[in-house]
Each structure stands twice: as structure tokens, then as C-alpha cells.
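Chemist: Provided herewith is a single structure, encoded as C-alpha cells, for subsequent inquiry.
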Amino acid sequence: MLEEGESPYRGSQLAEWICRLGARTFDDMSSLPATLRTRLTQTYGIGRSKIATKKQSKDRIIKLLLEMSDGTKIETVGLPYTDRVSCCLSTQVGCPVGCIFCASGQDGFIRNLEPGEIVEQVLTVNRIVESGVIHVSSRTYRIDHVVFMGMGEPLLNYESTIKAVRLINNEMGIGPRNITISAVGIVPRILKLATEKLQVTLAVSLHAPNDNLRERLIPSMTRWSINEILNASREYIKQTGRRVTFEYCMLDKINDGVSEAKELAKILKSLNCHINLIQYNPVSNLPFNTSPQKQVRVFREILHGAGIQVTQRLQRRVDIDAACGQLRQQIYRSNLLKV
Ligand code: SF4
Numbered sequence: 317m318l319e320e321g322e323s324p325y326r327g328s329q330l331a332e333w334i335c336r337l338g339a340r341t342f343d344d345m346s347s348l349p350a351t352l353r354t355r356l357t358q359t360y361g362i363g364r365s366k367i368a369t370k371k372q373s374k375d376r377i378i379k380l381l382l383e384m385s386d387g388t389k390i391e392t393v394g395l396p397y398t399d400r401v402s403c404c405l406s407t408q409v410g411c412p413v414g415c416i417f418c419a420s421g422q423d424g425f426i427r428n429l430e431p432g433e434i435v436e437q438v439l440t441v442n443r444i445v446e447s448g449v450i451h452v453s454s455r456t457y458r459i460d461h462v463v464f465m466g467m468g469e470p471l472l473n474y475e476s477t478i479k480a481v482r483l484i485n486n487e488m489g490i491g492p493r494n495i496t497i498s499a500v501g502i503v504p505r506i507l508k509l510a511t512e513k514l515q516v517t518l519a520v521s522l523h524a525p526n527d528n529l530r531e532r533l534i535p536s537m538t539r540w541s542i543n544e545i546l547n548a549s550r551e552y553i554k555q556t557g558r559r560v561t562f563e564y565c566m567l568d569k570i571n572d573g574v575s576e577a578k579e580l581a582k583i584l585k586s587l588n589c590h591i592n593l594i595q596y597n598p599v600s601n602l603p604f605n606t607s608p609q610k611q612v613r614v615f616r617e618i619l620h621g622a623g624i625q626v627t628q629r630l631q632r633r634v635d636i637d638a639a640c641g642q643l644r645q646q647i648y649r650s651n652l653l654k655v
């Protein structure tokens with residue numbers, strides 16, 4: 317608005333219309349002067365990406381495949397819980413990291429998303445939530461939790477991710493403690509994030525208790541050892557006062573054994589952390605399976621016995637190809653969409 321020769325107050329009004337009230341055109345913005353609305357319409361666009369595919373699971377999770385203005389596709393997920401609604405965002409089209417168990421990692425990287433393309437995912441899912449499709453009780457919900465855990469590595473699209481976090485926080489009113497950034501372990505970016513003083517939750521995708529196994533699962537991430545990643549996490553805790561979460565995707569007979577659990581307990585014991593055991597959503601063309609429940613229980617008890625807080629993320633989305641990148645990959649491979 318300043319660039320347009322308008323007052324900052326007009327900027328606040330514009331942000332409110334777009335981010336809180338979900339305006340789809342400048343003409344909707346009745347509190348702006350008509351001449352300004354016309355001028356903005358001639359210069360800018362605030363349209364949304366097209367919903368190319370919408371799937372809803374039996375437990376009301378919504379998965380969207382959104383078509384960006386250049387024709388590329390990304391995935392966004394709305395997750396209703398009993399007390400909140402969370403939105404899982406993508407930050408890149410495809411992913412350059414290439415974890416060997418992930419659908420997004422298999423199809424390579426196309427481009428980074430702009431901050432607006434990240435934020436609009438929340439707006440699009442919010443519209444569905446507000447329409448009552450995935451609400452969890454008679455109360456009307458809005459998205460109040462956001463996780464940067466969809467396609468892409470958020471810290472490889474650093475500037476856009478930070479700008480999107482600030483917009484989601486300042487303009488949508490979602491508190492930083494309700495925002496989680498998932499990071500694969502790029503040490504300099506974790507350290508940079510620590511200096512932003514954002515108070516967001518950092519979730520580090522570890523997936524292995526030692527460098528050899530991690531190298532097998534995430535071959536592109538050999539530059540930083542687990543020890544360096546844990547030191548960067550320590551720095552994040554020190555700078556922000558926030559506990560770090562470690563994500564651990566449970567892969568049958570790969571990383572879910574008693575020895576891995578003991579090793580993990582040993583390296584994480586001294587950290588102010590929390591471990592999230594993720595049940596793997598099998599991807600049809602990949603040779604990985606979900607760890608059996610019994611194995612997950614044993615793994616969990618070992619960590620728990622070492623005094624580490626553990627939660628288990630449930631496999632709720634198998635019926636809608638909800639593992640990261642699966643919907644996009646499925647449609648891409650069946651040639652229904654050009655990606
Ligand atoms: S798990 Fe995350 S970081 Fe790894 S390839 Fe998939 S999207 Fe990228």
C-alpha cells in the first residue's frame with residue numbers, strides 16, 4: 317500500500333480482507349474506497365489456485381491437490397482433531413531432498429513456492445473447514461494449527477517460509493506456538509531459524525539413530541552428521557526456550573528394532589526434546605512397510621524407559637493416499653495431470 321501511495325492503515329485493511337475474511341476479489345473489500353479497489357484490480361490479482369483434486373478420508377481428513385498458476389501441482393491437507401483443526405502445508409513443488417521412502421522425494425524438485433502460494437493453502441482449507449465439511453463438533457472451527465510438513469523442505473525455501481510464517485501469525489492470528497516447521501537437518505538453516513526468535517516448534521526429521529542408517533534413508537543429507545544436527549537443535553532450544561520435536565518414521569525391519577531404539581534413547585537423553593513416532597503410509601512403488609504395532613510399542617517403551625517423551629502419530633490417511641506426495645504422484649503417473 318505504501319508503494320501505491322496509500323497509508324499503512326490501508327495495508328492493514330487489505331491484509332484483514334485477504335487473510336482473515338478470505339476475500340477473493342478487491343470488489344469484496346467494501347471498506348476500501350471504490351477508486352482504490354478499481355486501481356488494485358487493474359494491477360494485482362488475489363485469486364486462488366484451482367483445486368484439481370479433493371479427497372476426503374473416512375475420518376474426515378481432506379487432501380487437496382492444488383494447481384498453481386503455472387500448472388504445477390502441490391498437496392495440502394486439512395486434519396480435524398477433537399479440539400482443533402490443523403493444516404499441513406507444502407513449501408515446494410516436489411522436493412530436492414529425496415528421502416527414499418517418500419513419494420514427494422521420488423519425483424524430484426520443480427520449484428520453490430512463493431509466500432502467497434504457501435499462505436493460500438491455509439485460506440483454501442479454511443474455506444472448506446468453515447463450510448462444515450470437516451468440522452468435528454457443532455462448534456464452527458477455523459484452522460488454528462499449521463504444520464509445514466507437506467511437500468518440500470521448508471528450510472530450503474527459507475525466505476518464503478519465514479514470510480509465510482509471519483503472515484500466518486500476524487495476519488491470520490495463528491500463534492507461533494501452534495506453528496510447526498519440519499526440517500530435515502540442514503544445520504546452518506536450523507541455526508538461522510533459531511535467530512528469528514519466532515517461537516515456532518521445530519520438528520527435526522531424524523528417522524535414524526546413527527549416520528550410516530540415516531545416510532541410507534536420506535542419501536542427499538550426508539553433509540551434516542547426527543551429532544551436528546543435535547548440536548544445532550540444542551542451539552535452537554537455547555535461543556528460543558522451545559522444546560524440539562524429533563520425527564521418526566517407523567519403517568518395518570529398517571529402523572524399528574530394539575537396538576535402534578536403545579541407540580536413539582542414548583543420543584537424545586540429554587536433550588529437551590520429544591519424539592514423534594510416525595507410522596509409515598506405504599507408497600505403492602516403494603519397498604517399505606509400516607512397522608507392526610507390537611514393534612512400535614516396544615520401541616516406544618524403550619524410549620519412555622529412558623525418560624524421553626514419546627508420542628505416536630497415527631496412520632489416519634491410508635485411504636486417501638495421504639503420505640506426502642502420494643496423491644500428486646498417483647495422478648501424475650496415471651497421466652491425468654501434467655506436472
Ligand atoms: S520426507 Fe519431506 S524432506 Fe523427505 S523427500 Fe519427502 S518431502 Fe522431502
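The opening position of the sequence shown corresponds to residue 317 in this note's numbering, with each subsequent residue numbered one higher. Even glycine gets a Cβ: it sits at the ideal position worked out from N, Cα and C.
What do you reckon, are the CB atoms on Val516 and Thr538 nearer than 8 Å?
Modeler: no
Chemist: What ranges does the beta strand (DSSP E) occupy inside the region 568-633, keeping only unbroken runs of at least 3 residues that lie completely in it?
Modeler: Within the region 568-633, the complete beta strand (DSSP E) runs of at least 3 residues fall at 589-595 and 625-629.
Chemist: CA-CA distance, Leu483 and His620?
Modeler: 37 Å
Chemist: Along the chain, where does the beta strand (DSSP E) that runs through Gly410 open and close?
Modeler: Gln408 to Gly410
Chemist: Measuring alpha carbon to alpha carbon, tell me which residue in Ile591, Val614 and Lys582 is nearest Asp568.
Modeler: Val614
Chemist: Going straight from the alpha carbon of Leu348 to that of Arg427, what length do you get?
Modeler: Rounded to whole angstroms, Leu348 and Arg427 show a C-alpha spacing of 35 Å.
Chemist: What whole-angstrom Cβ distance do Arg376 and Ile362 have, given they're in contact under 8 Å?
Modeler: About 29 Å; that fails the 8 Å criterion.
Chemist: Pick from Ser402, Met384, Ala622 and Lys585: whose alpha carbon is nearest that of Arg458?
Modeler: Ser402
Chemist: For Ser420, is the beta carbon positioned less than 7 Å from some heavy atom of ligand 1?
Modeler: True, at least one ligand heavy atom lies under 7 Å from that Cβ.
Chemist: Under 8 Å, with one C-beta from each stretch per pair, do the region 494-513 and the region 457-472 reach the 3-pair mark?
Modeler: yes
Chemist: Hey, quick one: how far does the beta strand (DSSP E) through Asn494 stretch, first residue to last?
Modeler: Careful: Asn494 lies outside any beta strand (DSSP E) and carries neither H nor E.
Chemist: Considering Cα atoms alone, identify which of Ile570, Leu533, Arg505 and Ala622 is closest to Asn314.
Modeler: Any property of residue 314 remains undetermined from this structure, which presents the chain solely from 317 to 655.
Chemist: Look at Gln437 and Ser406 and say whether their C-beta atoms are less than 8 Å apart.
Modeler: yes
Chemist: Helix, strand or coil: how does DSSP classify Ser521 here?
Modeler: strand
Chemist: Could you tell me whether any non-hydrogen atom of ligand 1 is closer than 7 Å to the CB of Cys415?
Modeler: yes
Chemist: Ligand 1 and Cys404: does any heavy atom of the ligand fall closer than 7 Å to the residue's C-beta?
Modeler: No, ligand 1 has no heavy atom inside 7 Å of this Cβ.
Chemist: The alpha helix (DSSP H) spanning Thr357 covers which residue range?
Modeler: Note, Thr357: alpha helix (DSSP H), Ala350 to Thr359.
Chemist: Any idea what DSSP makes of Cys320, helix, strand or coil?
Modeler: First, the residue type needs correcting, since residue 320 is Glu and not Cys in the sequence shown. DSSP places Glu320 in coil when its eight states are reduced to three.
Chemist: Keeping to the same chain, check which residues put their C-beta closer than 6 Å to that of Met465; ignore five residues upstream and five downstream.
Modeler: Cys404 and Ser498
Chemist: Mind checking whether the beta-carbon of Met467 lies closer than 7 Å to any heavy atom of ligand 1?
Modeler: yes
Chemist: State yes or no: is the C-beta of Cys335 nearer than 7 Å to some heavy atom of ligand 1?
Modeler: Not a single heavy atom of ligand 1 lies less than 7 Å from the C-beta of Cys335.
Chemist: Run the CB neighbour count on Lys585, radius 10 Å, all protein chains shown included, and call it buried at 16 or more, exposed below.
Modeler: exposed
Chemist: Could you name the residues of the same chain whose beta carbon sits closer than 7 Å to that of Ala510, not counting the 5 residues immediately before and after it, in chain order?
Modeler: Glu551, Tyr552, Gln555 and Thr556
Chemist: Could you round the C-beta distance between Arg336 and Glu487 to whole angstroms and report it? I think they count as a contact, below 8 Å.
Modeler: Confirmed, Cβ separation roughly 7 Å.
Chemist: Going residue by residue through the region 370-398, where are the continuous beta strand (DSSP E) segments of at least 3 residues, counting only ones entirely within it?
Modeler: 378-383 and 389-396
Chemist: Can you tell me where the alpha helix (DSSP H) holding Asn442 begins and where it ends?
Modeler: Where Asn442 is concerned, the enclosing alpha helix (DSSP H) stretches over Pro431 to Glu446.
Chemist: If you follow the beta strand (DSSP E) that Asn428 is in, where does it begin and where does it stop?
Modeler: Start and end: Phe425 to Asn428.
Chemist: Relative to ligand 1, is the shortest distance from any of its heavy atoms to the C-beta of Val599 smaller than 7 Å?
Modeler: no
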